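**Q**
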Amino acid sequence: MLTQEKSQKRNWKPIIKELEAVLGKKGVIKRREELITYECDGLAAYRQRPDIAVLPKTTEQVAEVVKICNKYSVAFIARGSGTGLSGGALPIAGCVLIVTSLMRQILNIDLDNQRVVVQPGVINNWVTQTVSGAGFYYAPDPSSQIICSIGGNVAENSGGVHCLKYGVTTNHVLGLKVVTANGDIVDLGGQVQEMPGYDLTGIFVGSEGTLGIATEITLRILKSAESICVLLADFSSVEAAGAAVSDIISSGIIPGGMEMMDNMSINAVEDVTAMNCYPRDAVAILLVEIDGLDVEVTTNKQRVIDICKQNGARNVTSATDPKMRLKLWKGRKAAFAAAGHLSPDYYVQDGVIPRTQLPYVLQEIEALSDKYGYKIANVFHAGDGNLHPLILFDNSIPGELEKVEEVGGEILKLCVKVGGSISGEHGIGADKKCYMPDMFSDADLETMQWIKLVFNRKGLANPEKIFPTPRTCGEAARAMNQKKFENVDRF
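If you use this note's numbering, the sequence shown corresponds to residues 33 to 523, in order.
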């Protein structure tokens with residue numbers, strides 16, 4: 033592992049010269065003030081400025097950059113739009129950051145076979161915009177879909193509000209062109225859903241940049257539903273909303289999406305968006321989207337309304353008009369941003385629990401809030417039990433980040449305790465790696481490391497991510513409180 037001191041001693045001049053020969057001077061960012069842009073991803077509490085950032089536009093350029101990094105034993109980290117929330121694109125000292133944001137071409141559209149081929153810098157929402165006129169869409173829709181990139185979605189195996197019925201990114205990736213950790217260009221998967229041999233595409237999706245860099249992605253697109261209806265049910269207790277979720281699924285209905293927000297999140301969203309469509313006095317609201325054939329939607333809509341009312345819903349409103357449906361979803365997708373209205377800083381976690389454990393886990397999260405003295409807003413993918421508790425704090429107060437990390441860790445351990453997972457869609461990254469032993473045995477982790485070594489033998493591709501190190505999860509927070517040495521005249 034490279035230390036800050038070794039980073040400062042490295043002679044970057046020959047490396048920069050070779051990188052510029054491949055990318056041109058404009059494709060290599062080396063000025064200290066310009067590198068500030070890349071010192072963190074969406075987990076902004078943790079920061080480390082990269083030594084160099086590069087902006088390739090083609091697969092071949094990415095491969096040449098990786099070969100140069102191998103030649104000089106320099107760690108490299110891939111970064112898309114930088115919206116990740118687990119520190120997966122967090123630089124380390126002495127690294128080259130490979131930024132794919134200029135690789136934003138949609139290379140091929142094949143509507144007959146329901147697939148598109150894109151570069152990793154293509155924004156998630158662009159895919160649906162490109163094919164919607166022909167009656168298709170791309171199902172995975174993270175809340176950040178208007179800014180997050182497909183490459184980052186592949187790295188983290190991102191989900192979204194519609195993953196309950198349609199699955200996460202891995203369910204929609206047919207094939208990948210990948211630059212391996214030693215600079216080779218390989219093709220994984222193909223043009224069809226099922227390919228013979230080992231499922232290397234499945235291994236790569238969600239590997240968080242530790243196995244290589246995807247430079248072309250073949251995506252599966254879906255035909256738009258004949259009919260769509262969004263229901264908004266408000267409840268006077270979280271337990272009642274949670275019971276409605278379980279009853280809807282147990283009835284055999286699989287909604288396109290099913291989301292829950294608590295009162296704190298509801299009011300934060302209304303304060304910021306001023307939509308006036310979420311009842312401010314509700315303890316919890318449930319958003320349920322039903323899609324499919326007209327007759328199916330009509331039938332299931334009434335069944336969902338009945339189930340919600342049987343579980344104590346005060347009101348259930350419905351929207352079939354596209355503009356109104358979008359308005360209802362807008363509030364949910366603005367929840368993370370709206371949390372900034374409540375507090376100077378917030379720390380978002382991402383865990384998964386069985387749906388039946390929702391009432392218990394939410395009570396335990398409330399108890400942790402009382403114990404540690406931090407307000408926690410809850411917004412989550414209720415249908416598949418993917419929680420996103422937002423812990424509100426003030427990072428300007430010394431020691432606060434370490435305490436908030438501890439709260440977040442307790443929530444993750446709670447998820448594992450009830451039979452869940454420490455990540456649903458945000459990945460492990462630098463943030464949650466020390467909690468991997470809480471979920472996996474030593475043999476499990478060793479097996480994963482063997483897979484990593486096959487692809488990434490030198491350990492240069494996104495080091496210090498996913499797997500635990502001898503240091504603890506508080507390492508990043510403590511590092512933020514130390515004065516970092518910066519050499520202005522490196523170049």
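For each residue, glycine too, the CB sits at the ideal point set by N, CA and C. Note that the structure is predicted; figures quoted are calculated from it, not measured.
Please report the straight-line C-alpha distance between VAL11 and HIS204, rounded to a whole angstrom.
**A** Residue 11 falls outside the range modelled here, since the chain spans only 33 to 523, and no answer is possible.
**Q** Assign VAL205 to one of three DSSP states: helix, strand, or coil.
**A** Residue mapping note: residue 205 aligns to position 173 of the sequence shown, counting from 1. DSSP places VAL205 in strand when its eight states are reduced to three.
**Q** For THR501, is the classification buried or exposed, using 16 other Cβ atoms within 10 angstroms of its Cβ as the cut-off for buried?
**A** What you label residue 501 is simply residue 469 of the sequence shown in a count that begins at 1. That one is exposed.
**Q** Taking LYS359 as the reference, give the member of VAL128, ASN308, GLU328 with the closest Cα.
**A** Working through the sequence shown from its first residue, we reach residue 359 at position 327. Among VAL128, ASN308, GLU328, the Cα nearest to that of LYS359 belongs to ASN308.
**Q** Taking C-beta to C-beta, are VAL163 and ILE253 nearer than 8 Å?
**A** Here residue 163 is taken as the residue at index 131 of the sequence shown, counted from 1. Here residue 253 is taken as the residue at index 221 of the sequence shown, counted from 1. For VAL163 and ILE253, yes; Cβs fall inside 8 Å.
**Q** Who are VAL277's beta bridge partners in DSSP?
**A** Locating residue 277 in the sequence shown gives position 245, where the first residue counts as 1. DSSP output for VAL277 lists no bridge partner at all.
**Q** Over the uninterrupted beta strand (DSSP E) stretch that includes ALA110, give me the two end residues.
**A** Taking the sequence shown and counting its residues from 1, the one referred to as residue 110 is at position 78. First-last of the beta strand (DSSP E) with ALA110: 107-111.
**Q** Nearest-angstrom Cα distance between LEU325 and SER256?
**A** In the sequence shown, the residue the question calls residue 325 occupies position 293. In the sequence shown, the residue the question calls residue 256 occupies position 224. Taking the straight line joining both Cα atoms gives about 10 Å.
**Q** Determine contact between the region 482-498 and the region 225-245, defined as no fewer than three beta-carbon pairs at a distance below 8 Å.
**A** They touch, by the three-pair rule.
**Q** Quick check on DSSP: helix, strand or coil for ASN332?
**A** Sequence index remark: in the sequence shown, residue 332 carries index 300 (1-based). Note: ASN332 maps to helix in three-state DSSP.
**Q** For PRO469, does the three-state DSSP call read helix, strand or coil?
**A** Within the sequence shown, numbered from 1, the residue matching residue 469 stands at position 437. Helix, per DSSP.
**Q** Taking the runs of the alpha helix (DSSP H) that are 4 residues or longer, which of them lie wholly in the region 249-310?
**A** If we require 4 residues or more, the alpha helix (DSSP H) runs fully inside the region 249-310 come out as 270-282, 295-305.
**Q** Could you tell me which uninterrupted beta strand (DSSP E) segments, each at least 3 residues in length, are contained entirely in the region 428-457, listed from first to last along the chain?
**A** For the region 428-457, not a single whole beta strand (DSSP E) run of length 3 or above is found.
**Q** Please classify ARG503 as buried or exposed, where buried requires at least 16 neighbouring CB atoms within 10 angstroms.
**A** Locating residue 503 in the sequence shown gives position 471, where the first residue counts as 1. Confidence at ARG503 is low in this model, with a pLDDT of 47, below 50, so its placement is unreliable and no value can be given for it.
**Q** Check the C-beta distance from MET227 over to GLY234 and give it rounded, since I have them as a contact under 8 Å.
**A** On the sequence shown, position 195 is the one that residue 227 refers to. On the sequence shown, position 202 is the one that residue 234 refers to. That belief does not hold up - the Cβ atoms of MET227 and GLY234 are roughly 10 Å apart, past 8 Å.
**Q** In terms of alpha-carbon separation, which member of LEU419, LYS89, VAL224 lies closest to GLN389?
**A** In the sequence shown, the residue the question calls residue 389 occupies position 357. The shortest C-alpha separation from GLN389 is found at LEU419.
**Q** Let me make sure I understand the geometry here. Which of VAL262, GLY288, GLY74, ASP219 has the alpha-carbon closest to that of ALA171?
**A** For the purposes of this step, residue 171 is identified with residue 139 of the sequence shown, where counting begins at 1. Nearest C-alpha to ALA171: GLY288.
**Q** Just verifying my parser: in three-state terms, what is the DSSP assignment at PRO391?
**A** Walking along the sequence shown from the start, residue 391 turns up at place 359. Here PRO391 sits in helix by DSSP.
**Q** Helix, strand or coil: which one does DSSP assign to ARG14?
**A** Residue 14 lies beyond the stretch modelled for the chain, which goes from 33 to 523, so this question has no answer here.
**Q** What are the start and end residues of the beta strand (DSSP E) that includes TYR198?
**A** What you label residue 198 is simply residue 166 of the sequence shown in a count that begins at 1. Counting along the chain, TYR198 falls outside any beta strand (DSSP E), though it belongs to the alpha helix (DSSP H) covering 195-198.
**Q** Which residues bound the beta strand (DSSP E) around ASP476?
**A** Indexing the sequence shown from 1 puts residue 476 at position 444. Here ASP476 belongs to no beta strand (DSSP E); instead the alpha helix (DSSP H) covers 474-487.
**Q** Is the CB-CB distance between LEU196 and ASP426 below 8 Å?
**A** As a working mapping, residue 196 is identified with position 164 in the sequence shown. As a working mapping, residue 426 is identified with position 394 in the sequence shown. Contact flag unset, no.
**Q** So LYS608 and TYR467 are supposed to be a Cβ contact under 8 Å. How far apart are they, rounded?
**A** The structure shown does not extend to residue 608, since the chain is modelled only from 33 to 523, so the question has no answer here.
**Q** Identify the residues that DSSP records as bridge partners of SER181: which are they?
**A** Position 149 of the sequence shown, counted from the first residue, corresponds to residue 181. The partner list for SER181 (beta bridge, DSSP) reads ILE155.
**Q** For GLN481, count neighbouring Cβ atoms within 10 angstroms of its own Cβ and tell me buried if that reaches 16, exposed if not.
**A** Translated into the one-based positions of the sequence shown, residue 481 becomes position 449. Label assigned to GLN481: exposed.
**Q** Tell me, please, whether the region 259-273 touches the region 367-380 by the rule of three or more beta-carbon pairs shorter than 8 Å.
**A** No, the region 259-273 does not touch the region 367-380.
**Q** Taking the C-alpha atoms as reference points, what is the distance between GLN161 and ILE141?
**A** Here residue 161 corresponds to residue number 129 of the sequence shown, with the count starting at 1. Here residue 141 corresponds to residue number 109 of the sequence shown, with the count starting at 1. Cα to Cα, the separation comes out at about 12 Å.
**Q** Relative to the C-alpha of TYR70, which candidate in ILE339, SER113, GLU96, LYS49 has its C-alpha closest?
**A** On the sequence shown, residue 70 is found 38 positions in, with the first residue counted as 1. Closest by alpha carbon: SER113.
**Q** I think ILE109 touches LEU129, with their Cβ atoms under 8 Å apart; what is that distance to the nearest whole Å?
**A** Taking the first residue of the sequence shown as 1, we reach residue 109 at position 77. Taking the first residue of the sequence shown as 1, we reach residue 129 at position 97. Yes, ILE109 and LEU129 are in contact; Cβ-Cβ is about 5 Å, under 8 Å.
**Q** What is the DSSP secondary structure of VAL94, counted as helix, strand or coil?
**A** Taking the sequence shown and counting its residues from 1, the one referred to as residue 94 is at position 62. It is helical.
**Q** Secondary structure at ALA316, three-state DSSP: helix, strand or coil?
**A** Within the sequence shown, the letter at position 284 stands for residue 316. DSSP places ALA316 in strand when its eight states are reduced to three.
**Q** Count the other CB atoms within 10 Å of the CB of ASN189; is the residue buried (16 or more) or exposed (fewer)?
**A** For the purposes of this step, residue 189 is taken as the residue at position 157 of the sequence shown. Buried: at least 16 other Cβ atoms inside 10 Å.
**Q** Drop a sphere of 10 angstroms on the beta-carbon of ILE443, count the other beta-carbons inside from all chains shown, and report buried for 16 or more, exposed for fewer.
**A** One-based indexing of the sequence shown puts residue 443 at position 411. So ILE443 ends up on the buried side.
**Q** For my contact list, ASP173 and GLY199 are in at a C-beta cut-off of 8 Å; report their separation, rounded to the angstrom.
**A** In the sequence shown, the residue the question calls residue 173 occupies position 141. In the sequence shown, the residue the question calls residue 199 occupies position 167. That pair is no contact at about 12 Å.
**Q** How about ALA273 and ALA300: do their beta carbons lie closer than 8 Å?
**A** If you number the sequence shown from 1, residue 273 lands on position 241. If you number the sequence shown from 1, residue 300 lands on position 268. Against a cut-off of 8 Å, the Cβ pair of ALA300 and ALA273 comes out as no contact.
**Q** Where does PHE236 fall in DSSP's three states?
**A** One-based indexing of the sequence shown puts residue 236 at position 204. It is helical.
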